[in-house]
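K.L.:
Below are the structure tokens for one structure; questions will follow.
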Amino acid sequence: MVLAFISALVGALLTFPGVRVAKCHLDSLLIARDRPLLQMIMYADLLFLCLFCLCGFHRYLARLFWERSYPERL
1 MVLAFISALV
11 GALLTFPGVR
21 VAKCHLDSLL
31 IARDRPLLQM
41 IMYADLLFLC
51 LFCLCGFHRY
61 LARLFWERSY
71 PERL
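Residue numbers (the UniProt record's numbering): 1 to 74.
This is the structure:
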């Protein structure tokens with residue numbers, strides 16, 4: 001029961017902001033439909049946001065993949 005509650009809480013905390021950013025991005029693209037330069041800037045902004053989030057998990061992901069790839073070296 002506790003695991004289900006924790007999973008639901010983490011899912012809600014991670015999903016809601018992602019859906020909100022995606023909806024905001026799509027609305028912005030619809031507004032800038034006739035301005036291709038502005039659309040490219042918006043795509044770059046979304047890409048940099050994703051890269052920024054990945055940089056936050058870089059150490060965790062590197063350690064996770066290192067342990068799975070080379071378990072004998074630890």
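Ideal Cβ placement from N, Cα and C applies to all residues, glycine included.
All of these numbers come straight from a predicted model, not from anything done at the bench.
#1: Is the distance from the Cβ of Ser28 to the Cβ of Met40 below 8 Å?
#2: Going along the chain, which residues of its own chain have a beta-carbon closer than 8 Å to the beta-carbon of residue 106, five neighbours each way excluded?
#3: Can you tell me which of the three DSSP states Ala62 falls into?
#4: May I have the straight-line CA-CA distance separating Arg59 from Leu51, to the nearest angstrom?
#5: Taking DSSP as the reference, what is the three-state secondary structure of Met42?
#6: Could you give the first and the last residue of the continuous alpha helix (DSSP H) run that contains Asp27?
P.N.:
The relevant details are as follows:
#1: no
#2: Residue coverage of the chain in this structure runs from 1 to 74, which leaves residue 106 outside it and unanswerable.
#3: Reduced to three states, the DSSP call for Ala62 is helix.
#4: 14 Å
#5: helix
#6: Segment 2 to 31, the alpha helix (DSSP H) holding Asp27.
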